[in-house]
Amino acid sequence: HQLRTPLTGMKWAMSLLLGGHMGHVARAQKEVVEKLSQANERMILLVNDLLNVARMEEGRMISKPAILDIVEVIESTILDFQGKGRERKIKIVFKPSKEKLPKIFADEKGLQLVIQNLIANAIQYTNAGGIVTISAVKKDHDVSLSVQDNGIGIPKHIQKRVFTKFFRGGDAIRMESNGSGLGLFIAKNIVESNGGKIWFESSEGKGSTFYLTVPLPK
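Residue numbers for the sequence shown, in the numbering used here: 835 to 1052.
Here's what the structure looks like:
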């Protein structure tokens, strides 16, 4: 928390500068502040990840499961990534079940964080012109959700380490140097704390599909 407070203050100050609220900002100055703002945002995300991990390991992660419409959760989460998808020339598609999906029982904020992480990774590690497909279907006593991409994939020899803390594959680092290696570790903990499962299938150079299950109300 002591790290996040000054970072949030810096974010506020830079937004004032970029918005012209502190007077005219020359083009060259604006470019520098924009780069600082992007770096600051990455630091905020890293601190948030570290705080989430600390809460999980200390048993302080607050979960408030409730009856949810998973289609609404997915659609609202996808909206946040449409701009990023267009920027990277990647199409994001949602393919819900043809049959109306039943309500699920999960923590909404936690579930959103998991879906955000999976979509962000799929976009990050897919080349321009690629596609990210999100699907949801009912299976037995759960709703199964998948996030599929046709990106760089995960080499077989490192697949066992994907959900471990701080792990990032060499290809992923070369393609995107920024990243904490905590996203999938956090996602796994959230899914399992909600009574679900998470796993993936991947082939190097052909893409990956991450799956998770969310239980139905008993």
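All C-beta atoms, glycine included, are put in the ideal place defined by N, C-alpha and C.
These figures come from a predicted structure and were not determined experimentally.
Residue environment, residue i, which counts as buried when at least 16 other CB atoms sit within 10 Å
i	result
LEU869	One detail in the question is off: residue 869 reads as Lys in this sequence, not Leu. It counts as exposed.
LEU913	exposed
ALA956	buried
THR911	buried
ASN961	exposed
VAL866	exposed
ALA888	exposed
VAL996	buried
ASP903	exposed
LYS1068	With the chain covering only 835 through 1052, there is no way to say anything about residue 1068.
GLN872	exposed
GLY853	exposed
THR1047	buried
SER897	exposed
PHE915	buried
VAL977	buried
Where residue i falls: helix, strand or coil (DSSP)
i	result
VAL996	coil
ILE1020	helix
GLY1041	strand
ILE965	strand
SER897	coil
ILE1032	strand
GLN872	helix
ARG838	helix
LEU1059	Residue 1059 lies beyond the range of the chain shown here (835 to 1052); nothing can be said about it.
ARG889	helix
Bridge partner(s) assigned by DSSP for residue i
i	result
VAL866	VAL866 pairs with nothing; no bridge assigned.
ASP883	In the DSSP output, where bridge partners are listed per residue, ASP883 has none listed.
HIS855	GLY857
SER980	SER969, TYR1045
Could you name each continuous alpha helix (DSSP H) segment of 4 residues or more that falls completely within the stretch 900-952, going from the start of the chain to the end? Correct list: 904-913, 916-921.
Does the stretch 959-974 touch the stretch 1028-1038, meaning 3 or more C-beta pairs lie closer than 8 Å? Short answer: they don't touch.
Mind the definition here: the stretch 1022-1032 touches the stretch 936-953 only if three or more C-beta pairs lie below 8 Å; say whether that holds. Three or more Cβ pairs closer than 8 Å define a contact, and the stretch 1022-1032 meets that threshold against the stretch 936-953.
Touching by the beta-carbon criterion (3+ pairs, under 8 Å), the stretch 874-884 and the stretch 838-850: At 8 Å Cβ cutoff, the stretches touch.
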